[in-house]
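FYI, the numbering for the sequence shown is 964 to 1732, going by the numbering used here.
Beta carbons: idealized from backbone N, C-alpha and C, even for Gly.
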Amino acid sequence: MVLLCSKLDDAQYISLLSLYFFSKSFPFSYLSPHPLTKLNQNMRSFFCFLSLCTTICLSAQSFTSAEIARWKAQAQRITIDRDVWGIPHIHGKTDADAVFGMLYTQCEDDFARVEDNYIIAEGRMAEVEGEAALYRDLRARLFLDTLQVKAVYAKSPAWMKVLLNAFADGANYYLYTHPEVKPRLLRRFQPWMPLLFSEGSIGGNISIVSVERLKNFYSKDHSTSYIPEWERKSWEPVGSNGFAIAPKKSATGNALLMINPHTSFYFRSELQMTSDEGLNAYGAVTWGQFFIYQGFNQNCGWMHTSSDADVVDEYLETVEKKDGVLKYHYGKEWRPVTIKKIKLGCKVGDKVEMREIPAYFTQHGPIIGEKDGKWAAIRMMNEPLGALQQSYLRTKATGYASYNKVMDIRTNSSNNTVFADNQGNIAYWHGDFMPKRDPKINWSAPVDGSDPKNEWQGLHKLSEIVQVLNPANGWIQNCNSTPFTVAGAENSPQRSKYPVYMAPDAENFRGINAVRVLSRFSVFTLDSLIKAAYDPHLVGFEDLIPALIAAYELAENKATRTSEAIALLKKWDFNLGTESVAGALSILWGEKIHRLARQRVPSDEDLENLELNATAINKTTAQEKINLFQEVLDELTRDFGDWRTSWGAINRFQRITGAIQPTFDDAKTSYPVGFTSSNWGSLPAFAARTYPGTKKRYGSVGNSFVAAVEFGKRIKARAVVTGGSNANPQSPHFNDQGKLYAAGQFRDVYFYPEDVKAHLEKSYRPGER
């Protein structure tokens, strides 16, 4: 029943409000509006106080006394040791205790990124950022929504439910013990949330679906101004490098592993999680997840690189309205299109409005756009429980056989794995989720959705995918390149033995350089492995710069300044460093010539950097090459006072704010960085650009958590991260690794309890300040 408050006098109304706020004896929705017309000054003041209480009650986290008591009891079973670098080493009696503690520490170090990842995963970013994020949210909801993952959670095995519950409890206990933290949107974490964010990759497969394409289809807005495909594509290729060294190539007789992911900066945190149940994993954790994504335990280590294995297919559906019902053609029949009304919140001013978008599905998946008059449905792996199980269980692997068994879950659809263990094994898997299809069909292009012959025929067995175990050459590398060079020319898998869709990955400059560098060493130590991973050679300019020099030598008019600069390029050995002027000239010119070249290929062609180099050489004139080089000289003179400016003076690492979207300032402290974008074959990746108000270039993508590991009787490891372990600029660990990172220098990893104790900064339990 609704209480008609308009019939109450002022005193009765305030009494009723007081009863609600302080006893919560009935729902607030029972109150109807009341005209406050006769309040004296005291009453008005009291009502202002009650209004403030309303705001607090609506914004504060709502946790029960039973929950709080349970969290406090669990916190007593957890110890958090932070070493001198601020890196947390979490120990719990059970794995669930460790998960509770690691979520708590992640929230301590960067709650904003933890929350942001789950706002994105839930498809709710438009609720805080408005219209611009609406179709990104739609993309997320097309594949998974909260009702679906709640059902998956309900059917999850008991051991996984325990971990999922611990995830939510750790994050919620942080919010309870830190009432000063104001979430953007999520005031309570739920145990089903990780099922929306289970795989841990930098993009996940849904990122291949164009948000612009979704908007054009679902809004029917074809007036969006055309943006050329070459302009929309990211300049920096995302990915990673992984090297594994066998005992025969190791100075100590122990296997070695190089972990070098390339991500947006601060994308993952570094930590160790251990338990009395045998968990002991160290490495990089994507903010908000409860497993080590790239790292090692006391037995083995795993490094993921992004894969181009064809595991996603687009089906063109013939759709017609028949008897008032949308249907799609399949075989000899017409089947009804499934229509699902997706409700999305969208911030408009200070309010959130609900938008309802009817989404369409066929048996192949959601409709994501149109092509040639047909609707395009997309099919991809959508196994959140299996992906989460595989991601967690691999962290407890005891060696190659154990890790391979976990791989047989076959839910890794976007990553390759480079592996090493303490038994001397090194291995490589090119993904593990691989749909079985007709090899005569071109699966890289959309296929006819009406033809039953185009269906997936189950999954390939794990033994059928491209993989390598203990190659004779003694090393493995992958740099997001073809798997057919992972162990050099003679010991890699043979392309002819596999269907094209299984490994269409092209070679790239990093892959070429990695093979050359690893082949050069007869024996490796941790130091020489790090040296190999930071090799300064830029393969991408070996053809590009000679083409520029040849063009200039044919020119009739040779300016003195340009001749001096060309003379520097002639002497350059293609190795980059902070003092390299020739490297700076080459990179700045290379970006310009690539940009021009991308405009001269069809908009639907996605060129690898080797192909783009060839296009830049062959489809630009000699004069264009020279003109762009002279532009570089002009810009350097304008911005730095002299075209003879070293790469380190231009290319900088800076961390001045913990915000997710960074800002940069030429007037504030920054460090020179001697490596560059992986586009040019730089094994250490550092993609930098100018920002509003800056002339120097600042990095935001590339090397993040980087580690070199030796698997002997005792683990020996070194690592470095971008900036530091804490996102708060007031923390001593906000940028205490900045200089090390910029210089490619590593610190020791404290893996064993006695080492942590010897380098301990602080020991505490969750909830303690």
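Extent of the continuous alpha helix (DSSP H) to which Glu1233 belongs: In the sequence shown, residue 1233 corresponds to position 270, counting from 1. Note, Glu1233: premise wrong, no alpha helix (DSSP H); beta strand (DSSP E) at 1231 to 1238.
Selection from Ser1543, Lys1725, Leu1234 that minimises the alpha carbon distance to Asp1044: Counting from one through the sequence shown, the residue named residue 1044 turns up at place 81. The residue with the shortest Cα to Cα distance from Asp1044 is Lys1725.
Completely contained beta strand (DSSP E) runs for the region 1305 to 1361, where each covers 3 or more residues: 1314 to 1325, 1328 to 1334, 1337 to 1342
Coil, strand or helix - Ile1678 by DSSP: For the purposes of this step, residue 1678 is taken as residue 715 along the sequence shown, with counting starting at 1. The answer is strand: DSSP assigns Ile1678 an E or B state.
Limits of the unbroken alpha helix (DSSP H) element including Ala1477: Indexing the sequence shown from 1 puts residue 1477 at position 514. Where Ala1477 is concerned, the enclosing alpha helix (DSSP H) stretches over 1472 to 1483.
Delimiting residues of the beta strand (DSSP E) encompassing Gly1665: Here residue 1665 is taken as the residue at index 702 of the sequence shown, counted from 1. Per DSSP, Gly1665 belongs to the beta strand (DSSP E) from 1660 to 1666.
Sub-8 angstroms separation of Ala1650 and Gly1662 beta-carbons: Locating residue 1650 in the sequence shown gives position 687, where the first residue counts as 1. Locating residue 1662 in the sequence shown gives position 699, where the first residue counts as 1. Yes; because the gap between Cβ atoms is below 8 angstroms, this pair is in contact.
Pro1051 classed as buried or exposed, judged by whether at least 16 other C-beta atoms fall within 10 angstroms: Here residue 1051 corresponds to residue number 88 of the sequence shown, with the count starting at 1. The residue in question, Pro1051, is buried, as its Cβ has 16 or more Cβ neighbours within 10 Å.
Beta-carbon proximity of Asp940 to His1722, cut-off 8 angstroms: The structure shown does not extend to residue 940, since the chain spans only 964 to 1732, so no value can be given for it.
Under the three-state DSSP convention, the category Glu1731 falls into: For the purposes of this step, residue 1731 is identified with residue 768 of the sequence shown, where counting begins at 1. Glu1731: coil per DSSP, three-state reduction.
Trp1048 and Ser1694 closer than 8 angstroms at C-beta: As a first step, residue 1048 is located in the sequence shown; it is residue number 85 there, counting from the start. As a first step, residue 1694 is located in the sequence shown; it is residue number 731 there, counting from the start. Contact: no.
Ala1522 - containing beta strand (DSSP E), residue span: The residue you call residue 1522 lines up with position 559 of the sequence shown. Careful: Ala1522 lies outside any beta strand (DSSP E) and carries neither H nor E.
Beta-carbon separation (whole angstroms), Gly1205 vs Ile1222, contact threshold 8 angstroms: Taking the first residue of the sequence shown as position 1, residue 1205 is located at position 242. Taking the first residue of the sequence shown as position 1, residue 1222 is located at position 259. That pair is a contact at about 7 angstroms.
Chain-order list of residues whose beta-carbon lies under 8 angstroms from that of Leu1422 (same chain, five-residue window excluded): On the sequence shown, position 459 is the one that residue 1422 refers to. Excluding positions up to five away in sequence, the list reads Arg1373, Phe1396, Met1397, Pro1398, Lys1399.
Which of helix, strand or coil DSSP assigns to Ser1269: Locating residue 1269 in the sequence shown gives position 306, where the first residue counts as 1. In this structure, Ser1269 counts as strand in the three-state DSSP scheme.
Alpha carbon of Trp1610 to alpha carbon of Leu1551, nearest angstrom: The sequence position of residue 1610 within the sequence shown is 647, counting from 1. The sequence position of residue 1551 within the sequence shown is 588, counting from 1. Between Trp1610 and Leu1551, the C-alpha separation is close to 10 angstroms.
Limits of the unbroken beta strand (DSSP E) element including Arg1652: Position 689 of the sequence shown, counting from 1, holds the residue named residue 1652. Taken as a continuous stretch (DSSP letters only), the beta strand (DSSP E) holding Arg1652 covers 1649 to 1652.
Alpha helix (DSSP H) runs contained entirely in the region 1141 to 1165, provided each spans 4 or more residues: none
Distance, Arg1176 Cα to His1185 Cα: Counting from one through the sequence shown, the residue named residue 1185 turns up at place 222. Counting from one through the sequence shown, the residue named residue 1176 turns up at place 213. Low per-residue confidence applies at His1185: pLDDT is 32, beneath 50, and the placement is therefore not dependable enough to give any value.
Cβ neighbours of Gly1308 in the same chain (closer than 8 angstroms, five flanking residues each side left out): By 1-based counting over the sequence shown, the position of residue 1308 is 345. Excluding positions up to five away in sequence, the list reads Arg1087, Ala1089, Glu1090, Val1315, Glu1316, Met1317, Arg1318.
Spatial neighbours of Lys987 in its chain, beta-carbon cut-off 8 angstroms, leaving aside the 5 residues before and after: Here residue 987 refers to the residue found at position 24 when the sequence shown is read from its first residue. The predicted position of Lys987 is uncertain, since its pLDDT is 35 and thus under 50; no value can be drawn from it.
Beta-carbon spacing of Ala1038, Tyr1116 below 8 angstroms: For the purposes of this step, residue 1038 is identified with residue 75 of the sequence shown, where counting begins at 1. For the purposes of this step, residue 1116 is identified with residue 153 of the sequence shown, where counting begins at 1. In this structure, Tyr1116 does not lie closer than 8 angstroms to Ala1038 by Cβ.
Cross-strand partners of Leu1289 (DSSP beta bridge): Translated into the one-based positions of the sequence shown, residue 1289 becomes position 326. The partner list for Leu1289 (beta bridge, DSSP) reads Lys1284.
According to DSSP, residues forming a beta bridge with Lys1588: One-based indexing of the sequence shown puts residue 1588 at position 625. Answer is none; Lys1588 lacks a bridge partner.
Helix, strand or coil at Leu1127 according to DSSP, with G and I counted as helix: Residue 1127 sits at position 164 when you count from the first residue of the sequence shown. Correct three-state label for Leu1127: helix.
Environment of Ile1171 [buried if 16+ CB atoms lie within 10 Å]: In the sequence shown, counting from the first residue as 1, residue 1171 sits at position 208. It counts as exposed.
Val1062 vs Phe1160 beta-carbon contact at 8 angstroms: What you label residue 1062 is simply residue 99 of the sequence shown in a count that begins at 1. What you label residue 1160 is simply residue 197 of the sequence shown in a count that begins at 1. Cβ atoms of Val1062 and Phe1160: not closer than 8 angstroms.
Which listed residue (Gln1440, Leu1570, Tyr1461) has its alpha carbon closest to that of Gly1451: As a first step, residue 1451 is located in the sequence shown; it is residue number 488 there, counting from the start. Looking at the Cα atoms, Gln1440 is the closest of the given residues.
Chain-order list of residues whose beta-carbon lies under 8 angstroms from that of Tyr1081 (same chain, five-residue window excluded): Counting from one through the sequence shown, the residue named residue 1081 turns up at place 118. Correct list, in chain order: Leu1149, Phe1152, Met1156, Leu1159, Phe1160, Gly1251.
Reference Gln1261, options Asn1217, Asn1243, Ala1322, Lys1118, closest by Cα: The count along the sequence shown starts at 1 and reaches residue 1261 at position 298. Answer by Cα proximity: Asn1243.
Assigned secondary structure, Arg1195 (DSSP; H/G/I helix, E/B strand, else coil): Here the question's residue 1195 lines up with position 232 in the sequence shown. Because Arg1195 sits at a pLDDT of 37, beneath the cut-off of 50, its placement in the model cannot be relied upon, and the following sentence gives the value as read from the coordinates. Three-state DSSP puts Arg1195 in a helix.
Residue range of the unbroken beta strand (DSSP E) whose run includes Arg1045: In the sequence shown, counting from the first residue as 1, residue 1045 sits at position 82. 1041 to 1046 is the extent of the beta strand (DSSP E) around Arg1045.
Whole-Å CB distance - Val1544 paired with Arg1607, under 8 angstroms assumed: Along the sequence shown, read from residue 1 onward, the residue named residue 1544 stands at position 581. Along the sequence shown, read from residue 1 onward, the residue named residue 1607 stands at position 644. About 5 angstroms; that satisfies the 8 angstroms criterion.
Whether Ala1466 touches Ala1272 by CB criterion (8 angstroms): For the purposes of this step, residue 1466 is identified with residue 503 of the sequence shown, where counting begins at 1. For the purposes of this step, residue 1272 is identified with residue 309 of the sequence shown, where counting begins at 1. Result yes, Cβ atoms of Ala1466 and Ala1272 sit closer than 8 angstroms.
Residues sharing a beta bridge with Phe1487, DSSP: Residue 1487 sits at position 524 when you count from the first residue of the sequence shown. Per DSSP, Ser1213.
Expected contact under 8 angstroms - CB spacing of Tyr1278 and Asn1405 to nearest Å: Stepping through the sequence shown from its first residue, residue 1278 is reached at position 315. Stepping through the sequence shown from its first residue, residue 1405 is reached at position 442. Between Asn1405 and Tyr1278 the Cβ distance is about 13 angstroms, and since that is not below 8 angstroms, they are no contact.
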